[in-house]
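Numbering (the numbering used here), first residue to last: 10 to 96.
Here you go:
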């Protein structure tokens, strides 16, 4: 798999009111820099939850989303980066 970085990695916002669409990214790399399982939430631009997932400590996951969908996490140990995946 080839990963194309499309933005700078940053700590996830920790609430719905501060959720980010990562400059309208359609793929987001989610990395849990801590050791505790953390919850990540994907929501529509209006704040309606689309879904949630748990990310294990030290794990990396990828979320495909619509450009206006937003992401936030239960803790700032979750780091987000806009990416594109190939292969």
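Yeah, the Cβ is synthetic: ideal placement off N, Cα and C, and Gly gets one too. The structure presented is a predicted model; accordingly, all values stated were derived computationally and were not measured.
Of the listed residues the options, nearest to residue i (C-alpha basis)
i	options	result
residue 54	63, 65 and 78	78
residue 36	13, 44, 62 and 24	13
residue 40	76, 62, 95 and 75	62
residue 56	10, 95 and 25	25
Supposed contact pair residue j and residue i - C-beta distance, whole angstroms, cut 8 Å
i	j	result
residue 38	residue 80	Rounded, the Cβ-Cβ distance is 11 Å, inconsistent with contact.
residue 47	residue 86	6 Å
Classification of residue i by the beta-carbon crowding that lies within 10 angstroms, buried from 16 upward
i	result
residue 64	buried
residue 31	buried
Beta-carbon gap between residue i and residue j smaller than 8 Å
i	j	result
residue 89	residue 21	yes
residue 58	residue 50	yes
residue 44	residue 83	no
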